[in-house]
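Chains as they are written, first to last, in our numbering: chain W, 1 to 288; chain D, 1001 to 1378.
First the structure, in the form of structure tokens, and then the observations on it.
Now the structure itself:
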């Protein structure tokens, strides 16, 4: 695993990708810090970071697009499969390599609050907690990108789909406000979600009855809630969407200036879940 | 060292490998021979853990490849059909990565990499990007990669495909040298290659093992002992008269040897189980007709191969390949795929059959040319 991690990490700097990602992030960070903190004379470093969420939409697809798609296209995945290394180790090595590349500009950005200290007082605790939140947001988006990359052989498709997925994450809270807030609308929306999850369970396990059983139980619970306590459902779907929104959670770090443990756990869970999905998706190709 | 039992792989409805069972022992070069699409690559991918079998088990040095993959894979070096190279690395960097991933001790990586680079003669290319290497050198880097970590078994999937004749000879020499210290399993659809390198051959066709032995034994087992060919100097009528007298002769064909008077090549088919060679000798000798040559007719390796692969074709025809029969209507498919062998064999390998076999290819280009000409006329 260590060998693959090192190889992957080096590969990012043998090609342009690593440099481009780092340069772009630092360039944009420089612009915002200049505008908000230096020119705007505002002491909160976290506010500059708040504007940088959108940059991840461009940076993460570039970082993740090649990771697994290219291995598949050039058939180098056969080498990795034949090496004494499990699929989980292989996926983790790739994930941590990307995370390390992403951590480099974050490390440089960690110096900015210290520079700002030269000109006045800065709340270092909120600044670093926001930077940590930003890193975790990136980490979970990278996991999503890694998963998308495992689904296709084409680097372009991998990049475009990842971009779309992150765009959707970004728009999630806006979309949540557009969803009808009546209880019947929530009921229908949840039913659709249950179908989708049921299908995913089926496609992963190939076990029709397990998927059917899980779907039925979930639907029964939902129906029970709808019949006995309808008011709970009103607006619940849009609340769930907001709760799930990766980008919204950044705002607690930035504007509420809170180190939100729930969000930290949420980001780590999303990352772990998508890394797990990736191992499943890579492993499944060997069985088909 | 490798036991394979009832190995089966299905892709949806299509069974690509059907119940393969074989054992590989230490210290030999094994050839895995079969026509295109016979399931060679699929089998090798399963042996190396790149693909999961639908059924059956693979035990490598006592470890099941799916239950204890790491131990099992340590015993194997694999070069897939397309060498799995990272183009933006140099061979040296690449081999160091593979060595480390295979668990070579940190201090020994450099020595191990230099050793395999010397053995595969790529030491001069160590600092170039793999992207800039020729196909022959890439193949060597691939083989070097398979040799790292000193695995007991090295598996090479069609290692000489796409190389020029000089490179092919060099790679073959390299493989023969590998065979001195390792067990090698080599897949190929080129008969000459397998007969030149391998000690032991497994022939597969349509996912089934149709023969597994040394090449000489396979050929011997297929020799038609009931066919004898002679060359004799005598008038035609006398030869016919003499042969008619001998019991057990089913039929004979006479062809005049061109340029010499009254010398005939005769191929004699005999009832099974009868050896008439000595009888022929005494009969012709006592009649005062000189025999110039007498031998049992041995099929060539090619004929044996075609026979084995097309026999199975006929056997498996009903189970699968319904789609194939449909394909057979479109002429172009006939040329590339296995049924072509069947046609070839059914015709007994004579001239006509061979022409049939190539017709679709030529007729296609002919018609293309005609189209062009018509275009010009207009």
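Ideal Cβ positions, reconstructed from N, Cα and C, are used throughout, including at glycine.
> residue 1231(D) by DSSP, collapsed to three states: which one?
Replying inline: strand
> For residue 1057(D), which of helix, strand or coil comes out of DSSP?
Replying inline: strand
> Taking Cβ-Cβ distances below 9 Å as the criterion, which residues of the stretch 1015-1035 of chain D are in contact with chain W?
Replying inline: none
> For the candidate residues 226(W), 155(W) and 7(W), whose alpha-carbon lies nearest to that of residue 184(W)?
Replying inline: Comparing Cα-Cα distances from residue 184(W) to each of 226(W), 155(W) and 7(W), the minimum goes to 226(W).
>> Just to confirm, is the Cβ distance from residue 1139(D) to residue 1163(D) under 8 Å?
In response: yes
> What does a CB cutoff of less than 8 Å around residue 1153(D) pick up in its chain, not counting 5 residues either side in sequence?
Replying inline: 1001, 1002, 1024, 1060, 1075, 1076, 1077, 1182, 1183, 1184 and 1185
> List, in order along the chain, the chain D residues whose C-beta lies closer than 8 Å to that of residue 94(W)?
Replying inline: The contacting residues do not exist; residue 94(W) stays about 13 Å from chain D at best.
> In the DSSP assignment, what are the bridge partners of residue 1014(D)?
Replying inline: Looking at the DSSP output, residue 1014(D) shares a beta bridge with 1011(D).
> For residue 280(W) and chain D, any beta-carbon pair shorter than 8 Å?
Replying inline: False, the Cβ-Cβ gap to chain D never drops below 8 Å.
>> Would residue 1088(D) pass as an interface residue toward chain W - the criterion being a Cβ-Cβ separation below 8 Å?
In response: yes
> To which residues of the same chain is residue 105(W) closer than 6 Å at the C-beta, ignoring the five residues directly before and after it?
Replying inline: 22, 25 and 26
> Listing by chain order, which chain D residues have their CB less than 8 Å from the CB of residue 296(W)?
Replying inline: Lying outside 1 to 288, the shown extent of chain W, residue 296(W) is not represented and no answer is given.
> From residue 1114(D) to residue 1123(D), what distance separates their C-alpha atoms?
Replying inline: 7 Å
>> Let me confirm a value: residue 199(W) is counted as buried when at least 16 other C-beta atoms fall within 10 Å, else exposed. Which label applies?
In response: Result: exposed.
> CA-CA distance, residue 47(W) and residue 1068(D)?
Replying inline: For residue 47(W) and residue 1068(D), the gap between their C-alpha atoms comes out near 52 Å.
> Secondary structure at residue 164(W), three-state DSSP: helix, strand or coil?
Replying inline: helix
> What in chain A is Cβ-close to residue 1103(D), meaning under 7 Å?
Replying inline: Included in the structure are the protein chains W and D, with no chain A among them.
>> Distance cutoff 8 Å, beta carbons only. Does residue 81(W) sit that close to anything in chain D?
In response: yes
> Per DSSP, what kind of secondary structure is residue 1206(D) in: helix, strand or coil?
Replying inline: coil
>> Going by DSSP, what residue range makes up the beta strand (DSSP E) through residue 1079(D)?
In response: 1076-1079
>> Within a Cβ cutoff of 8 Å, which residues of the same chain sit near residue 146(W), ignoring the five residues on either side of it in sequence?
In response: These residues qualify, in order along the chain: 64, 67, 68, 91, 94, 95, 98, 274, 275 and 278.
>> According to DSSP, is residue 64(W) part of a helix, a strand, or is it coil?
In response: Residue 64(W): helix per DSSP, three-state reduction.
>> For the stretch 1159-1173 of chain D against the stretch 1003-1014 of chain D, do three or more pairs of beta-carbon atoms, one drawn from each stretch, fall closer than 8 Å, so that the two count as touching?
In response: Judged by Cβ distances under 8 Å, the stretch 1159-1173 of chain D makes no contact with the stretch 1003-1014 of chain D, as fewer than three pairs qualify.
> Exposed or buried, which one is residue 1348(D) when buried takes at least 16 other CB atoms within 10 Å?
Replying inline: Low confidence applies to residue 1348(D): its pLDDT is 39, below 50, so where it sits in the model is not reliable, and the reading given next is rough at best. Counting Cβ neighbours within 10 Å, residue 1348(D) comes out exposed, since fewer than 16 surround it.
> Taking the alpha carbon of residue 1070(D) as the point to measure from, which residue in 1057(D), 1090(D), 1048(D) and 1089(D) has its own alpha carbon closest?
Replying inline: 1048(D)
> Do the stretch 1011-1031 of chain D and the stretch 1132-1150 of chain D meet, that is, are 3 or more Cβ pairs less than 8 Å apart?
Replying inline: no
> Do three or more CB pairs link the stretch 237-247 of chain W to the stretch 108-118 of chain W at distances below 8 Å?
Replying inline: no
> If you draw a straight line from the alpha carbon of residue 168(W) to that of residue 1167(D), how long is it in whole angstroms?
Replying inline: 53 Å
> In chain order, which alpha helix (DSSP H) runs of at least 4 residues are fully inside the stretch 1265-1300 of chain D?
Replying inline: Qualifying alpha helix (DSSP H) stretches, in chain order: 1277-1286.
> So, is the C-beta of residue 1074(D) closer than 8 Å to a C-beta in chain W?
Replying inline: yes
> In chain D, what lies closer than 9 Å to residue 11(W) by C-beta?
Replying inline: Neighbours of residue 11(W) in chain D, taken as residues at a C-beta separation under 9 Å, are given in chain order as 1086, 1088 and 1089.
> From residue 286(W) to residue 1050(D), what distance separates their C-alpha atoms?
Replying inline: 6 Å
>> Under 8 Å, with one C-beta from each stretch per pair, do the stretch 48-63 of chain W and the stretch 72-88 of chain W reach the 3-pair mark?
In response: no
>> Determine whether the beta carbon atoms of residue 1292(D) and residue 1233(D) lie at a separation below 8 Å.
In response: yes
> In its own chain, which residues sit with a C-beta less than 7 Å from the C-beta of residue 208(W), not counting the 5 before and 5 after it?
Replying inline: 202
> Per DSSP, what kind of secondary structure is residue 6(W) in: helix, strand or coil?
Replying inline: In this structure, DSSP gives residue 6(W) a helical state, which the three-state scheme calls helix.
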